[in-house]
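Reviewing the structure listed below.
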Amino acid sequence: SPSQNPLIQPASLLIPFTVATQFSPCGSWFYILSSLLGHYGVFLQDEWDLLEKMIKLADEKLSVPITCKIRVFPEIEKTVKYAKMLEKAGCQLLTVHGRTKDQKGALTGIASWKHIKAVREAVNIPVFANGNIQHLSDVQRCMEETGVQGVMSAEGNLHNPALFEGCSPPVWEMAEEYLEVVEKHPPCSLSYVRAHIFKLWHHTLQIHQDLREELAKAKNVAGVAEVNRQLKQRCQKEMAKDESEWTKTRLPFPHWICQPYVRPPQGSKKKTLVKRALEDGDGSSDSLSKNKQKKKARNPNKNFCPELKPKYIKCEQCGNPKGNKCVFNLCRGCCKRKAFKEVADCPGHGLRFKTKALKQCNSDTGGGLTNGTVSTAVHDPL
Numbered sequence: 069s070p071s072q073n074p075l076i077q078p079a080s081l082l083i084p085f086t087v088a089t090q091f092s093p094c095g096s097w098f099y100i101l102s103s104l105l106g107h108y109g110v111f112l113q114d115e116w117d118l119l120e121k122m123i124k125l126a127d128e129k130l131s132v133p134i135t136c137k138i139r140v141f142p143e144i145e146k147t148v149k150y151a152k153m154l155e156k157a158g159c160q161l162l163t164v165h166g167r168t169k170d171q172k173g174a175l176t177g178i179a180s181w182k183h184i185k186a187v188r189e190a191v192n193i194p195v196f197a198n199g200n201i202q203h204l205s206d207v208q209r210c211m212e213e214t215g216v217q218g219v220m221s222a223e224g225n226l227h228n229p230a231l232f233e234g235c236s237p238p239v240w241e242m243a244e245e246y247l248e249v250v251e252k253h254p255p256c257s258l259s260y261v262r263a264h265i266f267k268l269w270h271h272t273l274q275i276h277q278d279l280r281e282e283l284a285k286a287k288n289v290a291g292v293a294e295v296n297r298q299l300k301q302r303c304q305k306e307m308a309k310d311e312s313e314w315t316k317t318r319l320p321f322p323h324w325i326c327q328p329y330v331r332p333p334q335g336s337k338k339k340t341l342v343k344r345a346l347e348d349g350d351g352s353s354d355s356l357s358k359n360k361q362k363k364k365a366r367n368p369n370k371n372f373c374p375e376l377k378p379k380y381i382k383c384e385q386c387g388n389p390k391g392n393k394c395v396f397n398l399c400r401g402c403c404k405r406k407a408f409k410e411v412a413d414c415p416g417h418g419l420r421f422k423t424k425a426l427k428q429c430n431s432d433t434g435g436g437l438t439n440g441t442v443s444t445a446v447h448d449p450l
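Add 68 to a position in the sequence shown, counting from 1, and you land on the number used in the numbering used here.
Here it is in structure tokens:
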């Protein structure tokens, strides 16, 4: 029955606490789920029939308006057609993130306001814009250039929660306010708290790197608050110095002021992953399973971050990891079959079919080889 539908049932539970229900086929965490399981978030962007059915069902069964948030296609025409389909299905407010599904991480790039403007002009429902919002002035400029009725911000708001107020307060003030909210509305995972604080302190932690370690080791909210107190004291001492001492960076404001963050180029990905490992953990070995804790105790220097482990090159035939020194770029099994068939050597895998055949031939002919060819009968090694 519709009430037991896996889409409608959880949405119905939220009705008393919401004024609308949003479907977001574009989020980055949805992107991860999609790559693993399919039929999530941004991957639904290519399944219009399924999306249309979902929106129609939600519009029919839920008593609140249905809103959607999407990413754009490279083609403006296809993006407009996509938006019209959602409007027809029952979407009553559409947020358009002006980036494609491939624009993420170091490849984020600039969001296309042209796509957003085209959608706004093509549909008859309110449209919100998302992308390229770093200051309050960007909000006004975006609304003027695209004609949208509203603007959303994600990354910019994480680094400056006061963005929509048009001010840039000290990072410790925003941290204090955030921690008060956390204490007032428990429970909140410490890993979430730490992730938010890392965003707020991003620029300051480039200067006071030891505080990054202290924040990663904090066991509770009180511990995070103590690190914030230390950061505040240090920054206030810097503020008392001559202005020339704290204006040597390329930042638009001193590092202790909330301000935008520009993503680093792709080449710095490894360094970013190391930082993320600190940000995502809870500061203790408790964040690891018991099995991994034992492994880490046995191998304290081993890298347990999957994204930082070396990427293996695949065997050209079967897809398993190839031997690093294989002359055929194959795994051992495929290499052994090929070397046997062609009577060849592969020093990387320690295979000596040609060498052994030559020795056998020399032995049979008394060492009188007249050419470089080898003809021998051997048994299949497998």
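Glycine is no exception: its CB is placed at the ideal position from the N, C-alpha and C atoms.
This structure is a prediction, so every number in the text was calculated from the model and none was measured.
Under a 10 Å Cβ-count criterion, T135 is classified as buried, with 16 or more other Cβ atoms of the shown protein chains found around its own Cβ. Counting along the chain, L162 sits inside the beta strand (DSSP E) bounded by residues L161 to H165.
For K309, same chain residues with a beta-carbon under 7 Å away, outside a window of 5 residues either side, do not exist. If you draw a straight line from the Cα of T86 to the Cα of V132, it is about 8 Å long. If you look at K379, you'll find it isn't in any beta strand (DSSP E); DSSP assigns it neither H nor E.
Annotation: R302 to A197 spans about 38 Å, alpha carbon to alpha carbon. Contact between V250 and V219 does not hold, since their C-beta atoms are separated by about 27 Å, which reaches or exceeds 8 Å. Less than 7 Å divides the Cβ of Q160 from the Cβ of I193.
Residues S236 and Q327 of the same chain have their beta carbon placed closer than 8 Å to that of F321, with the five preceding and five following residues left out of the count. If you draw a straight line from the Cα of V164 to the Cα of G418, it is about 57 Å long. Just measuring C-alpha positions, the residue of L226, V187, E189 and V191 sitting nearest H203 is L226. Per the DSSP secondary-structure output, F196 pairs in a beta bridge with T163 and G218.
The beta-carbon separation of G158 and D127, rounded to 3 Å, stays under the 8 Å limit for a contact.
Taken in chain order, the complete alpha helix (DSSP H) segments of 4 or more residues contained in the region 236-309 are 239-252, 258-268, 270-275, 277-285 and 289-307. The beta carbons of V239 and W181 sit no closer together than 7 Å. Annotation: the continuous alpha helix (DSSP H) that includes I123 extends over W116 to K129.
In the DSSP annotation of this structure, F321 is not part of any alpha helix (DSSP H), being labelled neither H nor E.
Annotation: H183 to P142 spans about 9 Å, alpha carbon to alpha carbon.
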